[in-house]
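Student: The following block contains the structure, expressed as structure tokens.
Protein chains: 2
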Amino acid sequence: MNLPLPSLINRLRAGDARALARAISTVENRLPGWSDLLKALFPYTGKARVIGMTGPPGAGKSTLVDQLAKHYRKQNQTVGIIAVDPTSPYTGGAILGDRIRMQDHYSDPGIYIRSMATRGSLGGLSRATADAATVLDASGRDLVMIETVGVGQDEVDIVRLADVTVVILVPGMGDDVQTIKAGIMEIADIFVINKSEREGAERVEREIRALQSLAARKSDDHWTPPIVKTVASQGVGTEELAEAIAAYETYLKKDNLAFRKTVENWQERLVEMLRDAMLENARAKLGDGSLERYAAEIAEHKRDPYSLVEEIVRGAEHVDSMEDL
Amino acid sequence: MNLPLPSLINRLRAGDARALARAISTVENRLPGWSDLLKALFPYTGKARVIGMTGPPGAGKSTLVDQLAKHYRKQNQTVGIIAVDPTSPYTGGAILGDRIRMQDHYSDPGIYIRSMATRGSLGGLSRATADAATVLDASGRDLVMIETVGVGQDEVDIVRLADVTVVILVPGMGDDVQTIKAGIMEIADIFVINKSEREGAERVEREIRALQSLAARKSDDHWTPPIVKTVASQGVGTEELAEAIAAYETYLKKDNLAFRKTVENWQERLVEMLRDAMLENARAKLGDGSLERYAAEIAEHKRDPYSLVEEIVRGAEHVDSMEDL
Chain A
1 MNLPLPSLIN RLRAGDARAL ARAISTVENR LPGWSDLLKA LFPYTGKARV IGMTGPPGAG
61 KSTLVDQLAK HYRKQNQTVG IIAVDPTSPY TGGAILGDRI RMQDHYSDPG IYIRSMATRG
121 SLGGLSRATA DAATVLDASG RDLVMIETVG VGQDEVDIVR LADVTVVILV PGMGDDVQTI
181 KAGIMEIADI FVINKSEREG AERVEREIRA LQSLAARKSD DHWTPPIVKT VASQGVGTEE
241 LAEAIAAYET YLKKDNLAFR KTVENWQERL VEMLRDAMLE NARAKLGDGS LERYAAEIAE
301 HKRDPYSLVE EIVRGAEHVD SMEDL
Chain B
326 MNLPLPSLIN RLRAGDARAL ARAISTVENR LPGWSDLLKA LFPYTGKARV IGMTGPPGAG
386 KSTLVDQLAK HYRKQNQTVG IIAVDPTSPY TGGAILGDRI RMQDHYSDPG IYIRSMATRG
446 SLGGLSRATA DAATVLDASG RDLVMIETVG VGQDEVDIVR LADVTVVILV PGMGDDVQTI
506 KAGIMEIADI FVINKSEREG AERVEREIRA LQSLAARKSD DHWTPPIVKT VASQGVGTEE
566 LAEAIAAYET YLKKDNLAFR KTVENWQERL VEMLRDAMLE NARAKLGDGS LERYAAEIAE
626 HKRDPYSLVE EIVRGAEHVD SMEDL
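Chain order of the listed sequences is A and B. Everything in the first sequence is counted per this note's numbering, starting at 1 for the first residue and increasing by one. Everything in the second sequence is counted per this note's numbering, starting at 326 for the first residue and increasing by one.
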């Protein structure tokens, strides 16, 4: 399928799943035309509700996302799911098993699932996820769900894209996981205790409450993240979670909070996009050969890397005033 | 302690722990003089052995690092430990408990421990860890150990700094952790199965062997990562691990592999440093105000972000040839 841009966009907007897959691949892999595609799609964006779901490994994220997707489908809403997989920096592929499991599960064209893998070392996952969400939004999906393992900075960056962030915890995950929880506590708009039939669910709830009393949300934010108990494998609590999400969305609409959140997100994303673009530029200018030569000189202690980087950046200093834009 | 650069460096080189702490803080937080400090320290680097230790939460990394540090101290080697903590993007502090636990544990000045926290969103953790390792190396520590939770891309970037990467697994961590393992399998020079007295240790070993037969190390690399079984809480297997590390270091010395690895690492680091420096530059030029204004215009759909970034980068295009450097 090698469509010219206008017909790709038409098909995408008409709900064609192959056009959707093609468009996401184009932006994910920076195939020719990716930039024109995003520019052309941008006017259609901003309509989808974006829900981020994150939690430690083993928390049952996929199952919960699955249940939630079914719930929204009953309300006749179309759903796009981006499942972000932690995977090898060398092979760069999404976990095949996961992809198969999920595609196997859905024969409903109203649910589109896309796995995203870590690729390269340059923060590409966050960017690829953001761009895929943009495509899904422009394609007219009512809901975009982003599912990630909530452990590192990457994942925090990713869930920042969402209008609503759901943090999923489970009873009895040990001390180190408590540590991880601290990292994602403050980004939660809603907490889920999944597998809540297990021993220790009350303890997790108490811990969340204790951490909530310590962790300050932004001063203009008067939302106290609710705690929803689920047993996703049995569909228990899905409706309550959907209600909590809706309640938060209603809250966001007050005082223009949703807009302010969007502006904040775009500030972050702009800086990231700028970083990626400038880096690409720098790499192109350096060329593979000279990068290797510089690295060898540094390894031999013939050159110090800090001065080198300063020199290169100074060389790029002749920049027009930004006010000209 | 507000020392001029030469006396800070003298004290640091003489083994003064306060000067060491001061120097790391300076580079970590980009305090005035950080760049001159790194430039001045660079000639003293390249002597320390750098060992990266990574694994999923709950694998017992800290305990194992602890045991290994004691082992090296018995051989009269000085040790620097950088413990990378996953923590909040907002508070930015290292986990206090962990820091206290470790400092409490060591009264030996031959062991220096530094916790590193995730700060900001711009890949700063990898950079901060690299710079701290540079300072520890220049200070004359024989060994630098970097301890991270091995789950995301950040952690992969961090362990890339190391000459030797040890991946720590434990029996019975469930299916999602198996997924994570796939992400760090290929960076392991040595595997440790910690808590190996537990049921399932053999299964983990079989899984590693199975994955090893699939995962290709680089073609010029004929090392098969050994599997060392430990019970770190009882000191079991520490000596075997130290032997495996030494064996890998011996292997690296053959065929100039260590040097080639260093050159490769510097290629990665140079690109990262260049990215950070150019981004700082771009941010400074944009100024906080205009970033917010652009973000608002994008949120209102008055401007598309992709064209904006292209315009800014084009504005920075008047770059001298890199060959002039």
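Each residue gets a CB set at the ideal place from its N, CA and C atoms; glycine is no exception.
Taking the beta carbon of B:G497 as the centre, do at least 16 other beta carbons fall within 10 Å, making it buried, or is it exposed?
Tutor: Numbered from its first residue, the second sequence carries residue 497 of chain B at position 172. Burial call: exposed.
Student: Give me the residue from B:A609, B:R594, B:T587 with the minimum Cα distance to A:A299.
Tutor: For this step, residue 299 of chain A is matched to residue 299 along the first sequence. Minimum Cα distance to A:A299 is reached at B:T587.
Student: Measure from the C-beta of B:Y631 to each C-beta in chain A and report whether the shortest distance is under 8 Å.
Tutor: Within the second sequence, numbered from 1, the residue matching residue 631 of chain B stands at position 306. Interface residue, yes.
Student: What number of angstroms, rounded off, separates the C-alpha of B:I493 from the C-alpha of B:M510?
Tutor: As a working mapping, residue 493 of chain B is identified with position 168 in the second sequence. As a working mapping, residue 510 of chain B is identified with position 185 in the second sequence. C-alpha separation (whole angstroms): 10 Å.
Student: B:S440 bridges to which residues according to DSSP?
Tutor: Walking along the second sequence from the start, residue 440 of chain B turns up at place 115. Looking at the DSSP assignment, B:S440 forms a beta bridge with B:A408.
Student: Output the distance between the C-alpha atoms of B:Q392 and B:E524, rounded to the nearest integer angstrom.
Tutor: If you number the second sequence from 1, residue 392 of chain B lands on position 67. If you number the second sequence from 1, residue 524 of chain B lands on position 199. Near 23 Å, if we compare the C-alpha coordinates of B:E524 and B:Q392.
Student: Looking at C-alpha atoms only, which residue of A:A128, A:S126, A:Y112, A:A138 is the closest neighbour of A:M145?
Tutor: Residue 145 of chain A sits at position 145 when you count from the first residue of the first sequence. Comparing Cα-Cα distances from A:M145 to each of A:A128, A:S126, A:Y112, A:A138, the minimum goes to A:Y112.
Student: Give the interface partners of B:H626 over in chain A, defined as CB-CB distance under 9 Å, in chain order.
Tutor: What you label residue 626 of chain B is simply residue 301 of the second sequence in a count that begins at 1. Within chain A, the residues near B:H626 are F42, P43, T45, G46.
Student: Along chain A, which residues have their Cβ under 9 Å away from the Cβ of B:W548?
Tutor: In the second sequence, counting from the first residue as 1, residue 548 of chain B sits at position 223. Going along chain A, no residue has its Cβ under 9 Å from B:W548, so there is no contact; the nearest lies around 16 Å.
Student: Is A:T238 helix, strand or coil by DSSP?
Tutor: Start at 1 with the first residue of the first sequence, and residue 238 of chain A comes out as number 238. DSSP places A:T238 in helix when its eight states are reduced to three.
Student: Closest Cβ-Cβ distance between B:L598 and chain A: below 8 Å?
Tutor: As a first step, residue 598 of chain B is located in the second sequence; it is residue number 273 there, counting from the start. Inspection of the sequence shows that residue 598 of chain B is occupied by Met rather than by Leu. Output row for B:M598: interface = yes.
Student: A:A17: buried (16+ other C-beta within 10 angstroms of its C-beta) or exposed?
Tutor: Reading the first sequence from its first residue, position 17 is the one you call residue 17 of chain A. It is exposed - the Cβ of A:A17 has fewer than 16 other Cβ atoms within 10 Å.
Student: So A:D163 packs on A:L252, CB below 8 Å; how close in whole Å?
Tutor: Residue mapping note: residue 163 of chain A aligns to position 163 of the first sequence, counting from 1. Residue mapping note: residue 252 of chain A aligns to position 252 of the first sequence, counting from 1. Right, their Cβ atoms sit about 7 Å apart.
Student: In the DSSP assignment, what residue or residues form a beta bridge with A:V231?
Tutor: Here residue 231 of chain A refers to the residue found at position 231 of the first sequence. Beta-bridge pairing links A:V231 to A:V236.
Student: So, at 6 Å on beta carbons, what are the nonlocal neighbours of A:T63 in its own chain, with the 5 sequence-adjacent residues on each side left out?
Tutor: Here residue 63 of chain A refers to the residue found at position 63 when the first sequence is read from its first residue. Within the same chain, A:T63 has close Cβ partners A232, S233.
Student: Given a cut-off of 8 Å on the beta-carbon distance, is the pair A:A277 and B:V634 in contact?
Tutor: Along the first sequence, one-based indexing puts residue 277 of chain A at 277. Along the second sequence, one-based indexing puts residue 634 of chain B at 309. Cβ distance < 8 Å, so A:A277 and B:V634 count as in contact.
Student: Residues bridged to A:F191 by DSSP?
Tutor: Sequence index remark: in the first sequence, residue 191 of chain A carries index 191 (1-based). Bridge partners of A:F191: A:V167, A:I227.
Student: Taking all protein chains shown into account, decide if B:N519 is buried (16 or more other Cβ within 10 angstroms of its Cβ) or exposed.
Tutor: As a first step, residue 519 of chain B must be located in the second sequence, where it is residue number 194. It is buried - the Cβ of B:N519 has at least 16 other Cβ atoms within 10 Å.
Student: Ends of the beta strand (DSSP E) at B:L272?
Tutor: The requested residue 272 of chain B does not occur in the structure, where chain B is confined to residues 326 to 650.
Student: Counting C-beta neighbours from all protein chains within 10 Å, is the total for A:S107 16 or more, i.e. buried, or is it exposed?
Tutor: Reading the first sequence from its first residue, position 107 is the one you call residue 107 of chain A. Label assigned to A:S107: exposed.
Student: Among B:G377, B:A348, B:V375, B:T490, whose alpha-carbon lies nearest the alpha-carbon of B:L363?
Tutor: For the purposes of this step, residue 363 of chain B is identified with residue 38 of the second sequence, where counting begins at 1. Here the closest residue by C-alpha is B:A348.
Student: When you compare only the Cα positions, how much space is there between A:G237 and A:I81?
Tutor: Counting from one through the first sequence, the residue named residue 237 of chain A turns up at place 237. Counting from one through the first sequence, the residue named residue 81 of chain A turns up at place 81. Roughly 20 Å separates the two Cα atoms.
Student: What does DSSP give as the partner residues of A:G55 in its beta bridges?
Tutor: The sequence position of residue 55 of chain A within the first sequence is 55, counting from 1. According to DSSP, A:G55 bridges with A:V149.
Student: In the region 248 to 265 of chain A, which residues sit with their C-beta less than 7 Å from some C-beta in chain B, listed in chain order?
Tutor: Listed by position, the residues of the region 248 to 265 of chain A near chain B (Cβ gap below 7 Å) are F259, T262, V263.
Student: Alpha carbon to alpha carbon, how far is A:G123 from A:L20?
Tutor: Sequence index remark: in the first sequence, residue 123 of chain A carries index 123 (1-based). Sequence index remark: in the first sequence, residue 20 of chain A carries index 20 (1-based). Interpretation of A:G123 is limited by its pLDDT of 47, a score under 50 that renders its predicted location unreliable; no figure is taken from the coordinates.
Student: Go through its chain and collect everything with a Cβ distance to B:R398's Cβ below 7 Å, but skip five positions before and after it.
Tutor: Along the second sequence, read from residue 1 onward, the residue named residue 398 of chain B stands at position 73. Cβ within range, chain order: V404, D433, G435, I436.
Student: What did DSSP end up calling B:R355 once you bin it into helix, strand or coil?
Tutor: As a first step, residue 355 of chain B is located in the second sequence; it is residue number 30 there, counting from the start. Coil at B:R355, not helix or strand.
Student: For a cutoff of 8 Å on Cβ pairs, would you count B:V484 as touching chain A?
Tutor: On the second sequence, residue 484 of chain B is found 159 positions in, with the first residue counted as 1. Chain A, which has no Cβ nearer than 8 Å to the Cβ of B:V484, makes this no.
Student: Look at the Cβ atom of B:V474, then the Cβ atom of B:M441, and state whether they are nearer than 8 Å.
Tutor: Indexing the second sequence from 1 puts residue 474 of chain B at position 149. Indexing the second sequence from 1 puts residue 441 of chain B at position 116. No, the Cβ-Cβ distance between B:V474 and B:M441 is not below 8 Å.
Student: Counting only beta-carbon separations shorter than 8 Å, does A:G92 have a partner in chain B?
Tutor: Against the first sequence, residue 92 of chain A aligns to sequence position 92. Residue confidence for A:G92 is low, a pLDDT of 35 falling below 50, so the modelled location carries little weight; the figure read from the coordinates is stated next. With 8 Å as the cut-off, A:G92 does not count as an interface residue toward chain B.
Student: Quick check on A:R203: buried or exposed, where buried means 16 or more other Cβ atoms within 10 Å of its Cβ?
Tutor: Taking the first residue of the first sequence as position 1, residue 203 of chain A is located at position 203. When all chains shown are included, A:R203 counts as exposed.
Student: Just the chain A side, please: which residues come within less than 8 Å of B:R466 by C-beta, in chain order?
Tutor: Residue mapping note: residue 466 of chain B aligns to position 141 of the second sequence, counting from 1. Near B:R466 there are no residues of chain A at all, since even the closest Cβ is about 18 Å away, more than 8 Å.
Student: Taking the straight line between their C-alpha atoms, what separation do you get for B:E589 and B:A455?
Tutor: Residue numbering aside, residue 589 of chain B sits at position 264 when the second sequence is read from its first letter. Residue numbering aside, residue 455 of chain B sits at position 130 when the second sequence is read from its first letter. Near 14 Å, if we compare the C-alpha coordinates of B:A455 and B:E589.
Student: Check the Cβ of B:I471 against every Cβ in chain A and list those closer than 7 Å, keeping chain order.
Tutor: Translated into positions along the second sequence, residue 471 of chain B becomes position 146. Within chain A, no residue comes near B:I471; the closest Cβ sits about 15 Å away, beyond 7 Å.
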